[in-house]
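A short write-up of the structure that comes next.
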Amino acid sequence: MDINWYGLSCLRIREGGVTILCDPFDKSIGITMPKVRADIVTISHEQAGHNAIDRATGEPKVIAGPGEYETHNV
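Numbering (my numbering) for the sequence shown: 163 to 236.
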């Protein structure tokens, strides 16, 4: 497992060929975050520091609310 912290609450978790991006943040925060290829993006709440889905490349499954989800065998 590979875990990278980009600042604030933003993490990239990679394991078994699947990449999860948690709480990507907007450029307005003042911290530079790279574009990240992701299979899954999680959004904890709708605020610029947590919901910048455009920082993810590819066609990720976006999870932005409570519930039970399954995608990419995760």
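Quick reminder that beta carbons are idealized off the backbone N, C-alpha and C, glycines included.
Going by C-alpha positions, S206 is about 11 Å away from L183.
Of the residues Y231, A214, G229 and P222, the one whose Cα lies closest to the Cα of V180 is P222. Take the alpha-carbon of V236 and the one of E177: they are about 10 Å apart.
The secondary-structure analysis by DSSP pairs V198 across a beta bridge with A218. V203 sits close to I215, with the two beta carbons spaced by under 8 Å. Around the C-beta of D164, fewer than 16 other C-beta atoms lie within 10 Å, and the residue is accordingly described as exposed.
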